[in-house]
Amino acid sequence: MRPDVAAFLADGPLPDEDAHEDEIARRVRQLEAIARPVTAEEAVRLAECFGPDDCYGVARSLLHLVESAPGPVPAVEPGPDANEWHHRLRRRAVNAGLVPED
Numbered sequence: 006m007r008p009d010v011a012a013f014l015a016d017g018p019l020p021d022e023d024a025h026e027d028e029i030a031r032r033v034r035q036l037e038a039i040a041r042p043v044t045a046e047e048a049v050r051l052a053e054c055f056g057p058d059d060c061y062g063v064a065r066s067l068l069h070l071v072e073s074a075p076g077p078v079p080a081v082e083p084g085p086d087a088n089e090w091h092h093r094l095r096r097r098a099v100n101a102g103l104v105p106e107d
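Rendered as structure tokens:
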């Protein structure tokens, strides 16, 4: 795993929109430091970093980074308690014809 990805992962999920702007800006810088495309392994791990909300668009940037990997993530339908962003990743992969609809 590349160091820039490992650094992002070490800080865990994205904060919510109530976080201090310095924290959000720091996470944006971390995300922007990750070169595309990410590997399939990195994408799976990065997909674990979605927070509780959009985080002022940062979650959408994370979504696009995850989608830069070869193959769709997640490959299986997320459970009913999965994060909204996991469901969104799956819907986008189905809509793009990358995976069959379950």
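In my numbering, the protein residues as written are 6 to 107.
Every residue gets a Cβ at the ideal spot worked out from N, C-alpha and C, and that includes glycine.
Mapping DSSP to helix, strand and coil, what is residue i?
{"i": "A101", "result": "coil"}
{"i": "A30", "result": "helix"}
{"i": "V43", "result": "coil"}
{"i": "F13", "result": "helix"}
{"i": "E37", "result": "helix"}
{"i": "V78", "result": "coil"}
{"i": "L19", "result": "coil"}
{"i": "H91", "result": "helix"}
{"i": "R146", "result": "Nothing about residue 146 can be read from this structure; the chain reaches only from 6 to 107."}
{"i": "E106", "result": "coil"}
In its own chain, which residues sit with a C-beta less than 7 Å from the C-beta of residue i, not counting the 5 before and 5 after it?
{"i": "P85", "result": "none"}
{"i": "P18", "result": "C54, F55 and G56"}
{"i": "V21", "result": "The question names Val, but residue 21 is Asp in the sequence shown. Only G56, P57, D58 and C60 meet the Cβ criterion."}
{"i": "L39", "result": "The question names Leu, but residue 39 in the sequence shown is Ile. Excluding residues within five positions, the ones whose Cβ falls inside 7 Å are D9, V10, F13 and L70."}
{"i": "A98", "result": "P77 and V104"}
{"i": "W90", "result": "F55, A64 and L68"}
Whose C-beta lies closer than 6 Å to the C-beta of residue i among residues of the same chain, with five residues either side of it excluded?
{"i": "L51", "result": "V71"}
{"i": "A48", "result": "V71, A74 and V78"}
If I follow the unbroken alpha helix (DSSP H) through residue i, where does it start and stop?
{"i": "A64", "result": "V63 to V71"}
Applying the criterion that 16 or more other CB atoms from any shown protein chain within 10 Å of the CB defines a buried residue, is residue i buried or exposed?
{"i": "A11", "result": "exposed"}
{"i": "L36", "result": "buried"}
{"i": "R7", "result": "exposed"}
Quick check: the region 66 to 81 against the region 20 to 27, are there 3 or more CB pairs under 8 Å?
The answer is no - the region 20 to 27 does not touch the region 66 to 81, with fewer than three Cβ pairs under 8 Å.
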